[in-house]
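For the protein sequence lines, the chains are A and B, in the order given.
My numbering applies: residue 1 is where the first sequence begins, and numbers increase by one.
My numbering applies: residue 1001 is where the second sequence begins, and numbers increase by one.
By construction, the Cβ of each residue, glycine as well, lies at the ideal position given by its N, Cα and C atoms.
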Amino acid sequence: GAGVSQSPRYKVAKRGQDVALRCDPISGHVSLFWYQQALGQGPEFLTYFQNEAQLDKSGLPSDRFFAERPEGSVSTLKIQRTQQEDSAVYLCASSPLQSSYNSPLHFGNGTRLTVT
Amino acid sequence: RKEVEQDPGPFNVPEGATVAFNCTYSNSASQSFFWYRQDCRKEPKLLMSVYSSGNEDGRFTAQLNRASQYISLLIRDSKLSDSATYLCVVRSYNNNDMRFGAGTRLTVKP
Chain A
1 GAGVSQSPRY KVAKRGQDVA LRCDPISGHV SLFWYQQALG QGPEFLTYFQ
51 NEAQLDKSGL PSDRFFAERP EGSVSTLKIQ RTQQEDSAVY LCASSPLQSS
101 YNSPLHFGNG TRLTVT
Chain B
1001 RKEVEQDPGP FNVPEGATVA FNCTYSNSAS QSFFWYRQDC RKEPKLLMSV
1051 YSSGNEDGRF TAQLNRASQY ISLLIRDSKL SDSATYLCVV RSYNNNDMRF
1101 GAGTRLTVKP
């Protein structure tokens, strides 16, 4: 079946531009996560949704970052007024069951954002 | 202090060697534990879950010590194809999110 799909695969933005990154999770997956991964680092948690509810946004680095999942499926991560330090790979992952703590994450192949 | 900390690495080992990675976590409410593998410029993929009693999957053995808040991964008889970054992942009971360590890079050489 289809895995987690992210688009665009690559994005180059000029400093100050707004960007929107899209994630299509595996159909039926309740949980959706966004991570930011800088070069040579592990993924850093940004935010977590259970269906359409954003249960944790403690990892969003500033108020320039905003995420939504209005219908409980597709999610968009928006970054306003991009800065060079926003350059990273943004990974989306989904997980099937909200109450199964052993459910692993299924990752998309990420969006590589470069801010020039 | 990061919530999940790993051996900094890198580890460079010959084929056939045994190598062990360690990971500690700070949140005592952590509920589930995993090892993920990430190849260069690829997304992380689940290697194995870590169970309380320890578990083995072929050449890979994972151990959990809840009292010490410590997880390990042992790879026996290393193969060239084991070269990757290994990420320790911890999921907490109270907020359900999953936190990653910075990863330990392994290079297996012929």
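Review point. Among all the DSSP beta bridges, which residues are the ones paired with Asp1057 of chain B?
Key: Residue 1057 of chain B sits at position 57 when you count from the first residue of the second sequence. DSSP lists B:Phe1060 as partners of Asp1057 of chain B.
**Study point:** Residues from the region 1037-1048 of chain B in contact with chain A, defined by Cβ distance under 8 Å
**Key:** Lys1042, Glu1043, Pro1044, Lys1045 and Leu1046
Check your understanding: In whole angstroms, what separates the C-alpha of Thr1104 of chain B from that of Tyr1036 of chain B?
Key -> The sequence position of residue 1104 of chain B within the second sequence is 104, counting from 1. The sequence position of residue 1036 of chain B within the second sequence is 36, counting from 1. If you take the alpha carbons of Thr1104 of chain B and Tyr1036 of chain B, they lie about 11 Å apart.
Point to revise | chain A residues whose Cβ lies nearer than 8 Å to that of Gly1101 of chain B | key: As a working note, residue 1101 of chain B is residue 101 in the second sequence. Ordered by position in chain A, the residues that pass the 8 Å Cβ test against Gly1101 of chain B are Gly42.
Review point. Beta-carbon separation of Ser1083 of chain B and Thr1061 of chain B under 8 Å?
Key: For this step, residue 1083 of chain B is matched to residue 83 along the second sequence. For this step, residue 1061 of chain B is matched to residue 61 along the second sequence. No. Outside cutoff.
**Study point:** C-alpha gap between Pro104 of chain A and Asp1097 of chain B, whole angstroms
**Key:** Taking the first residue of the first sequence as 1, we reach residue 104 of chain A at position 104. Taking the first residue of the second sequence as 1, we reach residue 1097 of chain B at position 97. Answer to the nearest angstrom: the Cα atoms are 11 Å apart.
Check your understanding: Relative to the alpha-carbon of Gln1063 of chain B, which residue among B:Cys1088, B:Leu1046 and B:Pro1010 has its alpha-carbon at the smallest distance?
Key -> Position 63 of the second sequence holds residue 1063 of chain B. Checking every option, the nearest Cα to that of Gln1063 of chain B belongs to B:Cys1088.
**Study point:** Identity of the residue in B:Ser1030, B:Asp1039 and B:Ser1026 nearest Leu1080 of chain B by Cα
**Key:** Position 80 of the second sequence holds residue 1080 of chain B. Nearest C-alpha to Leu1080 of chain B: B:Asp1039.
Exercise for review: Check the Cβ of Leu1087 of chain B against every Cβ in chain A and list those closer than 9 Å, keeping chain order.
Suggested key: For the purposes of this step, residue 1087 of chain B is identified with residue 87 of the second sequence, where counting begins at 1. Correct list: Gly42 and Pro43.
**Study point:** Min CB distance Tyr48 of chain A to chain B below 8 Å
**Key:** Mapped onto the first sequence, residue 48 of chain A falls at position 48. Chain B, which has a Cβ nearer than 8 Å to the Cβ of Tyr48 of chain A, makes this yes.
Practice item. Take Phe65 of chain A as the anchor and find which of A:Ser5, A:Gly3, A:Gln17 and A:Ile26 has the nearest alpha-carbon. Key: Numbered from 1 along the first sequence, position 65 holds the residue referred to as residue 65 of chain A. Taking only the C-alpha atoms, the option nearest Phe65 of chain A is A:Gln17.
Exercise for review: Please name the residues in the region 15-38 of chain A whose beta-carbon is closer than 8 Å to at least one beta-carbon of chain B, in chain order.
Suggested key: Ser31, Phe33 and Tyr35
**Study point:** Residue-level contact to chain B via CB, Gly110 of chain A, 8 Å cutoff
**Key:** By 1-based counting over the first sequence, the position of residue 110 of chain A is 110. True, the Cβ-Cβ gap to chain B drops below 8 Å.
Exercise for review: Determine, using beta carbons only, whether Cys1023 of chain B and Glu1003 of chain B come nearer to each other than 8 Å.
Suggested key: Against the second sequence, residue 1023 of chain B aligns to sequence position 23. Against the second sequence, residue 1003 of chain B aligns to sequence position 3. Contact flag unset, no.
Exercise for review: Consider the Cβ of Asp56 of chain A: report whether some Cβ of chain B lies at a distance smaller than 8 Å.
Suggested key: Your numbering for residue 56 of chain A matches position 56 in the first sequence. For Asp56 of chain A, the answer is yes, since a Cβ of chain B falls inside 8 Å of its Cβ.
Check your understanding: Which value, in whole angstroms, describes the spacing of the CA atoms of Ile26 of chain A and Val12 of chain A?
Key -> One-based indexing of the first sequence puts residue 26 of chain A at position 26. One-based indexing of the first sequence puts residue 12 of chain A at position 12. The alpha-carbon atoms of Ile26 of chain A and Val12 of chain A are separated by roughly 26 Å.
Exercise for review: Could you list which residues in chain A have their beta carbon closer than 7 Å to that of Phe1021 of chain B, in chain order?
Suggested key: In the second sequence, counting from the first residue as 1, residue 1021 of chain B sits at position 21. Those within 7 Å of Phe1021 of chain B in chain A number zero; the least Cβ separation is about 13 Å.
Check your understanding: By how many angstroms is the C-alpha of Asp86 of chain A removed from the C-alpha of Lys14 of chain A?
Key -> In the first sequence, residue 14 of chain A corresponds to position 14, counting from 1. In the first sequence, residue 86 of chain A corresponds to position 86, counting from 1. The straight-line gap from Cα to Cα measures roughly 11 Å.
Practice item. State the start and end residues of the unbroken beta strand (DSSP E) segment that holds Ile26 of chain A. Key: By one-based count along the first sequence, residue 26 of chain A stands at place 26. Here Ile26 of chain A belongs to no beta strand (DSSP E), and DSSP marks it neither H nor E.
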